[in-house]
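Chains H and D, in that order, are what the protein sequence lines are. For what it's worth, my numbering labels the leading residue of the first sequence as 1, then goes sequentially. For what it's worth, my numbering labels the leading residue of the second sequence as 333, then goes sequentially. Where is the CB? At the ideal position from N, CA and C, for every residue including glycine.
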Amino acid sequence: MGVAFWCLVLIAGPTLLLLNKSFTPPPYKLQSAVITNSITELDTCILLLSIEEHGSLQCERAGVSTLQGANSAKAQKEQELLRALEEEASGNPYTLSNYTELFDRNLTIRVMATTVLYAIAATALCLVIAYPVAYNMSVVSGRTAAIWVFTALIVPYCTAEVIRIYSWLSVFDKDGFINSILQWFGLSPLLFIKAPLTVFVVIVHTFMLFMVFPIYNAMQSLDKRQIFAARGLGASWVQTHRHVIIPHAKTGIAVGCVAVFALSTTTLSIPRIISRGLQGDWFSQTIYTKFFEGSGANTGAAYAAVFTVVCIGAIASFMWATKTKLKDFASE
Amino acid sequence: MSSKVLSVYTWLFLGFLFAPMLLMISGSAIDFGRTDPDRLFHCISNSFIVAAVVVPVSVLLGLCGAIVVTRIKTKYQSALWWFLMSPILTPGIVVGLATLIFWKSLDVTAGLGTIILAQSAFIASYCMLVFVSRLEKFPIELERSALSLGASPVQTFFKITLQFLKPAFISASVIAFLISFENYNTTMFVKGGSCTLATEIGDMTRNPNGYPPIINALGTVIIGVTLVFAILYTLFERRSYART
C-alpha cells in the first residue's frame, strides 16, 4: 500500500510537469513591444546621425533633438535598455497579452473553430461507418469470422500511423494513384492535397479503429436473445437497434466518439504530412509553426493552452451529456 | 438486417482500410536512389532506444497508478482519475510543448531525453488503463486470504497480484511499444535536433519534389512484420479457444 502511494508521486511527477509548467510560459513576455520599438528607433537614429550631421524623421520620432546629436541619442538608448532590463528583472511580467492576441486575430479563432468542427464531422462519420462493422462482428458473424476480421482491423493500426498516412499520399499526391488515372484519361492532375476534404478523409481512415473497437467491446456483452426477443415481439430492425442494441452499446459509442474526437482535433501528423502545410485549417499546425518558426514561442504556448481548454471542455461536456465516466475507457 | 448486406459492407470497409497500404506496397518495387541510409538507420535506432526506455518506465508507472486507483478509495476518486488520465486527454502536441518548456527552464536540451520524458508521461496513462481493466477482474479475496494466512503485504503483492497481472504486463508493454514507436505529434515538439523513424518519415514526405521510395519499402516491411505477428497471434488464440 505504501509502495503504491509512493509510486503515485512518480506518476504525478510527469503529469504535474505537464500541467503546472505549461502555465508558466504563456503569459511571460520578456520585453514589452513598446520598449523594443523605441530601442529599434533609437538605433536607427544613431546610425543616421553617424552618417549625416542632422537627424531625420527617425530621430524626431524617437524624441531626440537633432541639435544635441548622436551622444544624446546614445544616452537615451542606454536609458531605454536599462528600462528593459528592469522590466525583465522585476520578475512579474506576466501579461495576458499573448492570450488577447489570440482573440484579436480573427484568423486564429477561425482556424480553431474550423478544426473543432471538422473533428466533430469526422467523429460523426466514423461513428456511422463503424457501427455496422462493429454490429456485424459482434452480433451477426460467427466467432471464427469475427476473430479474423478483428485481426484484419488490428494490422493497419499496429503499423505506424505515419506509414498509413504516407500511404494515402501515394493515392492523393500529384503523381499519385488518382492523378495518374486522371492523366491517363487526358485530364489535368488535381491538387488534392490542398483541399481540406483530403485531410478529412485521411483522418476518418486513420482513426476508424478507435471507433470500431469500443463499440465492438460494448456490443459483445449484449445477450443476443434480447435481439431475438425484440424481433419476435414484432419490432422492426430500426426499432430493435434504437431500443435494444444502441442503449446497450452507449458506453462504447461514447468512448469511441471521445477518442476519435480527441485524436482528430489534435492530430499534427495528418495535416502536416498530407497537405505539407498548404492546408491551413488545422490548429495543431498553427501552434507548431507559431512555436518553432519565428519568435512567437510564448504566443504559441498561449494558443496551446487555449486549445487544450477548448478540447478538454468539449470532451468533458460530451462525457457529462452521455453520462460516461473515465473508468469506461479502461474496458477498451 | 440481411447478413449478406452486412458482409458486403464489411468487405468494402476492410478494402477501404487496406487500399492505400496496398498501393504503397506496390510502389516499393522501384529502386531507391537518393536516400541517406545512414541517417535513416540512425533515426530507426533512436526509435528503438527511446522505446526501450519508455516501455519499462511507462509500464511501471502505469502499474503504480492502477494499484493506487483501484485500491485506495477516497472522496477524490474522480478527480484522481481525471488527473491521471489528463496526459491522454490533453492534445499530444500540448504534452510535447509543455515538456519541452519545462525542461528548457531547467536547462535540459531537447533531444532523446526529452522525447523519453514526454512519451512516458502519456504512455503511462495508457498502461494504467490496461492494468486497471485487468485489476477489476481480480478477486480481492485472494489478497485478503493471503494476508490472513500470514503473508506480508509485499509477499502478497509479488506472489499473487503480480502473477495475476502477467497478461496485463504483456499487453501493456506491447501497447507502450507501439505507441512510442509511431508517436509523431508529441515527439515532433520535443525532439530538438534528433529524429525518430516517425519524424524522419514525416519530414521526408514533406519534400514536395518527391520522396525516396525507400519509405515504401520500409512501410512494406513494417506491415509485413505486423501481419506475421497478427496471424501468429490469431492462430494462437484460436488454438487456446479450441482447447477450452
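- Taking the Cα of residue 460(D) as reference, the smallest distance to any Cα among 502(D), 337(D), 371(D), 376(D) is reached at 502(D).
- Ranking 336(D), 422(D), 346(D) by CA distance to the CA of residue 308(H) puts 422(D) first.
- For residue 231(H), no chain D residue has a Cβ inside 9 Å of its Cβ, as the nearest lies near 10 Å away.
- Measuring C-alpha to C-alpha distances from residue 270(H) to each of 248(H), 241(H), 158(H), 203(H) identifies 203(H) as the nearest.
- At a cut-off of 7 Å between beta carbons, residue 177(H) contacts chain D.
- Secondary structure of residue 473(D) (DSSP, three-state): helix.
- Identification of residues in the stretch 194 to 224 of chain H having a C-beta nearer than 8 Å to some C-beta of chain D yields 205, 208, given in sequence order.
- Within the model, the alpha-carbon separation for residue 396(D) versus residue 183(H) is close to 58 Å.
- For residue 374(D), the closest of 529(D), 558(D), 552(D) by C-alpha to C-alpha distance is 529(D).
- Closest in C-alpha terms to residue 378(D), from the list 444(D), 488(D), 430(D), 431(D), comes 444(D).
- Considering only 224(H), 125(H), 282(H), the residue with the shortest C-alpha distance to residue 249(H) is 224(H).
- Judged by their CB atoms, residue 463(D) and residue 500(D) are nearer to each other than the 7 Å cut-off.
- For residue 311(H), the residues of chain D that pass the 7 Å Cβ criterion are 423, in the order they occur in the chain.
- Taking residue 164(H) as the centre and dropping the five residues before and after it, the same chain places the C-beta of 156, 206 closer than 7 Å to its C-beta, in chain order.
- Residue state for residue 236(H) is assigned as coil, using DSSP reduced to three classes.
- Three or more pairs of CB atoms, one per stretch, sit closer than 8 Å, so the stretch 334 to 343 of chain D contacts the stretch 114 to 134 of chain H.
- 555(D) is the residue among 555(D), 354(D), 492(D) whose C-alpha sits nearest the C-alpha of residue 160(H).
- Rounded to the nearest whole angstrom, the C-alpha separation of residue 403(D) and residue 438(D) is 35 Å.
- Judged by DSSP in its simplified three-state form, residue 265(H) adopts helix.
- Neighbours of residue 378(D) in chain H, taken as residues at a C-beta separation under 7 Å, are lacking, since the least C-beta distance is about 14 Å.
- Cβ proximity to chain H below 7 Å picks out nothing from the stretch 381 to 392 of chain D.
- Among the CB atoms of chain H, one or more fall inside 7 Å of the CB of residue 514(D).
- Counting only the Cα atoms, residue 226(H) lies some 10 Å from residue 232(H).
- Residue 223(H) sits in coil when the DSSP states are folded into three classes, being neither helix nor strand.
- For residue 154(H), the nearest beta carbon of chain D is closer than 7 Å to its own beta carbon.
- Per the Cβ contact rule, the stretch 301 to 316 of chain H is in contact with the stretch 414 to 433 of chain D (3 or more Cβ pairs under 8 Å).
- Judged by DSSP in its simplified three-state form, residue 187(H) adopts coil rather than helix or strand.
- In this structure, residue 406(D) lies away from residue 158(H), with their beta-carbon atoms at least 7 Å apart.
- With respect to chain D, the C-beta atom of residue 289(H) has no partner C-beta closer than 7 Å.
- If you draw a 10 Å sphere on the C-beta of residue 522(D), you find 16 or more other C-beta atoms in it, and that means buried.
- Within 8 Å of the CB of residue 164(H), the CB atoms of chain D belong to 352, 353, in sequence order along the chain.
- Across the structure, residue 480(D) and residue 398(D) are spaced so that their CA atoms are roughly 24 Å apart.
- By the neighbour-count definition (other C-beta atoms within 10 Å, threshold 16), residue 234(H) is an exposed residue.
- For residue 126(H), no CB of chain D lies under 7 Å from its own CB, so it is not counted at the interface with that chain.
- Around residue 261(H), the same chain offers 119, 123 as residues with beta carbons nearer than 6 Å, after the five sequence neighbours per side are excluded.
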